[in-house]
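A.B. asks:
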Amino acid sequence: MSEKKDNDLPLTPSLGDMSAVDFRRHGHRLVDWIADYFENIERLPVLAQIEPGDLKAALPPSPPEQGESMDAILADLDRLIVPAVTHWSHPSFFAYFATSTSAPGIFGEMLSAAFDVKGMLWRTSPASTELEEVVLDWLRQMMGLDPGMTGFIYDTASVSSLHAIAAAREGVELRIREEGMSGRTDLPLLRVYASEQAHSSIEKAIITLGLGQRSLRKIPTDAEFRMDVAALADAIEEDKRSGFIPFCIVATVGTTSTSSIDPVREIIPIGEKHVMWLHVDAAYAGSAAVVPELRHVLDGCERADSVVVNPHKWLFTPFDLSVLYCRHLDLLRRAFSLVPEYLQTPEQAIVRSGSDYGVQLGRRFRALKLWMIIRYFGHEGLAARIREHCRLARLFASWVEESPDWEVAAPVPFALVCFRACPQVEAGPGEVTEKRLDELNEAIMHGVNATGDAFLSHTKLNGKLVLRLSIGNIRTTEKHVRHVWELLNAQLSALA
Ligand code: PLP
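Residues are numbered in the numbering used here as their position in the sequence shown, beginning at 1, plus a constant of 73.
(1) Look at the alpha carbon of A563 and the alpha carbon of H556, and state the distance between them as a whole number of angstroms.
(2) Which of the three DSSP states is assigned to A377 in this structure?
(3) Buried or exposed: which applies to R97, given that a residue is buried once 16 or more other Cβ atoms fall within 10 Å of its Cβ?
(4) For I280, which residues from the same chain have a beta carbon less than 7 Å from its beta carbon, with the 5 sequence-adjacent residues on both sides left out?
(5) Under 7 Å Cβ to Cβ from P118, same chain only, skipping five residues before and after it: list those, please.
(6) Have a look at the DSSP bridge pairing and note the partners of P319.
(7) Considering only their Cβ atoms, is the gap separating I226 from E203 smaller than 8 Å?
(8) Can you look up L70 in the DSSP assignment and give me helix, strand or coil?
(9) Beta carbon of S379: closer than 7 Å to some heavy atom of the ligand PLP?
(10) When every heavy atom of the ligand PLP is checked, does at least one fall within less than 7 Å of the C-beta of A230?
(11) T174: beta carbon under 7 Å from a heavy atom of the ligand PLP?
(12) Between the region 419 to 427 and the region 154 to 164, can you find at least three pairs of beta-carbon atoms closer than 8 Å?
(13) Helix, strand or coil, according to DSSP, for K191 in the structure here?
(14) Using a 10 Å radius around the Cβ and a threshold of 16 neighbouring Cβ atoms, would you call K129 buried or exposed?
(15) Distance check for F298 and M74, CA to CA, integer angstroms please.
(16) Measuring from the CB of H272, is there a heavy atom of the ligand PLP at a distance below 7 Å?
(17) Apart from the five residues just before and just after R548, which ones in its own chain have a Cβ nearer than 6 Å to its Cβ?
(18) Tell me whether the beta-carbon of A39 lies closer than 8 Å to the beta-carbon of H452.
(19) State the CB to CB distance for the pair F450 and V432, rounded to an integer number of angstroms; the pair is presumed to be in contact (CB under 8 Å).
(20) Can you tell me whether N546 is buried or exposed? The criterion is at least 16 other CB atoms within 10 Å of its CB, across all chains shown.
(21) Run through DSSP, which three-state label would M300 get?
(22) Taking Cβ to Cβ, would you say H352 is nearer than 8 Å to I249?
(23) Skipping 5 residues on each side, what residues in its chain have a beta carbon closer than 6 Å to that of G181?
(24) Helix, strand or coil for Y449 per DSSP?
(25) Indicate the three-state DSSP secondary structure (helix, strand or coil) for L88 in the structure shown.
(26) Return helix, strand or coil for M74, following the three-state DSSP convention.
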């Protein structure tokens with residue numbers, strides 16, 4: 074995709090940056106490169122078809138002594154890097170939570186890199202602070218979240234949830250910020266509750282905060298993979314009788330394996346009764362609430378203490394951008410603000426300083442890309458795209474349901490279908506049919522992925538291996554969904 078070697082290009086200057094003339098020239102080429110990439114992406118295999126270590130072996134082990142031409146760099150981009158990329162922007166990327174960038178989002182990233190602000194204080198870039206406040210309030214309105222919720226941008230949902238749980242712990246008034254947890258005999262076990270289907274980031278947050286894995290109590294789920302509310306209530310009562318301090322419940326709207334929705338409205342009174350923080354992990358499905366008829370998925374969140382939603386998952390925002398909506402920004406600030414003399418500013422009492430609300434000092438200007446995306450597509454445009462993804466997922470699920478050789482393994486509230494092949498298989502002597510079906514489904518998945526035409530991932534539900542088809546790419550159309558269905562059936566015919 075890069076041009077042939079251009080011998081006229083000057084070598085890198087000995088001092089200073091690339092000249093404006095060259096920047097313009099290479100920049101135009103690079104934009105052309107990206108446009109070509111998107112236009113021709115379906116010619117590339119979705120899943121990188123290389124072996125571990127291949128790229129490392131192809132790269133020089135030591136850095137160049139002299140600067141190199143952009144021609145040489147772009148040639149290696151095509152030759153070495155592109156084949157080693159798994160193309161999340163490919164419309165047949167259906168694995169994990171399929172997410173995608175968009176053109177206005179890419180422009181936002183380019184500008185953010187050009188400004189290169191470190192948004193730690195209001196004065197280090199007023200635009201970064203103020204645009205973030207405004208654009209997150211737009212998003213809040215689009216999702217129908219309560220006006221009492223204030224948004225703050227982190228890189229990922231893992232980090233958003235970490236900060237939410239830290240704020241919840243700060244609210245328990247145990248002087249953990251000042252005295253820590255180690256060596257203290259006066260601290261009972263602090264408990265956090267999340268369903269067995271909650272994302273691993275919750276457990277990681279608990280590990281990172283020094284609470285220890287035993288502080289997380291995993292609550293069983295019902296037949297549709299939603300938190301069992303009665304089991305939650307019992308667990309909290311039991312822990313209190315044991316002298317523990319239950320301080321936080323994490324509900325999930327759109328779990329990772331199946332996109333199930335915990336019954337937030339029923340969980341609220343339990344949290345309120347025990348004065349606990351309710352954090353809602355809507356990292357994936359929160360974006361669906363921008364579709365008016367799907368707003369109900371955040372039902373109950375108006376009484377949550379915090380909600381995380383990831384525009385980088387399903388709002389066409391290039392990675393990374395996660396938003397924590399929080400009702401108690403003051404607690405977040407109490408947990409994290411630490412302002413040395415060299416960061417004091419005259420206006421600090423009347424403005425928001427990004428560094429007060431988390432572990433990071435400098436922060437990227439992420440709001441810029443979200444602002445450009447919302448302006449370019451508009452609320453209606455974003456809703457139309459998400460609505461279409463949900464339609465495609467329901468369509469795929471209907472084909473699965475109609476086929477005697479396949480079954481849908483979980484409800485489909487959004488754009489994720491969990492399904493598996495279930496043909497009649499003969500179990501050999503001493504063999505278990507379920508094990509054979511697991512092996513068959515795994516082989517089907519690897520077979521489809523090896524074609525390079527589509528990429529799927531899997532999970533386990535009730536001990537069974539299940540395939541996941543996630544639709545979230547801005548370029549995915551019915552044609553791509555039909556094609557992966559054909560690929561799946563071809564693999565099934567070849568293997569069963
Ligand atoms: N929460 C849920 C429900 C998720 O599905 C995921 C990732 O898929 C995460 C959190 C973590 O997201 P991130 O990569 O932004 O940390």
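The beta carbon of each residue, even a glycine, is placed where N, CA and C say it ideally should be.
C.D. replies: Working from what's here:
(1) In this structure, the straight-line span from the alpha carbon of A563 to that of H556 is close to 11 Å.
(2) A377: coil per DSSP, three-state reduction.
(3) By the 10 Å Cβ count, R97 comes out exposed.
(4) Contacts found: Q286.
(5) For P118, same chain residues with a beta-carbon under 7 Å away, outside a window of 5 residues either side, are G525 in chain order.
(6) DSSP, once it has assigned bridges, lists R264 as partnering P319.
(7) No, the pair does not count as a contact, with Cβ atoms beyond the cut-off.
(8) Since the displayed the chain opens at 74 and closes at 569, residue 70 lies outside it and no answer follows.
(9) No - the ligand PLP has no heavy atom lying nearer than 7 Å to the Cβ of S379.
(10) At least one heavy atom of the ligand PLP is nearer than 7 Å to the Cβ of A230, so yes.
(11) Checking every heavy atom of the ligand PLP against the Cβ of T174, none is found closer than 7 Å.
(12) Result no; under three Cβ-Cβ pairs closer than 8 Å.
(13) DSSP places K191 in the coil class of the three-state scheme, outside both helix and strand.
(14) K129 should be labelled exposed.
(15) Residue confidence is low: M74 scores 44 on pLDDT, short of 50, so the model does not pin down where it sits. No coordinate-derived value is stated.
(16) True, at least one ligand heavy atom lies under 7 Å from that Cβ.
(17) Within the same chain, R548 has close Cβ partners P164.
(18) This structure does not reach residue 39, given that the chain is present from 74 up to 569, and the question cannot be answered.
(19) The distance from the Cβ of F450 to that of V432 is about 32 Å, inconsistent with a contact at the 8 Å cut-off.
(20) Buried is the call here.
(21) In the structure shown, the three-state DSSP call for M300 is strand.
(22) Not in contact: H352 and I249 (Cβ atoms no closer than 8 Å).
(23) Contacts found: L441, K442 and M445.
(24) Helix.
(25) DSSP places L88 in coil when its eight states are reduced to three.
(26) Since pLDDT at M74 reaches only 44, below the 50 mark, its modelled position is unreliable, and the value read off the structure follows with that caveat. M74: coil per DSSP, three-state reduction.
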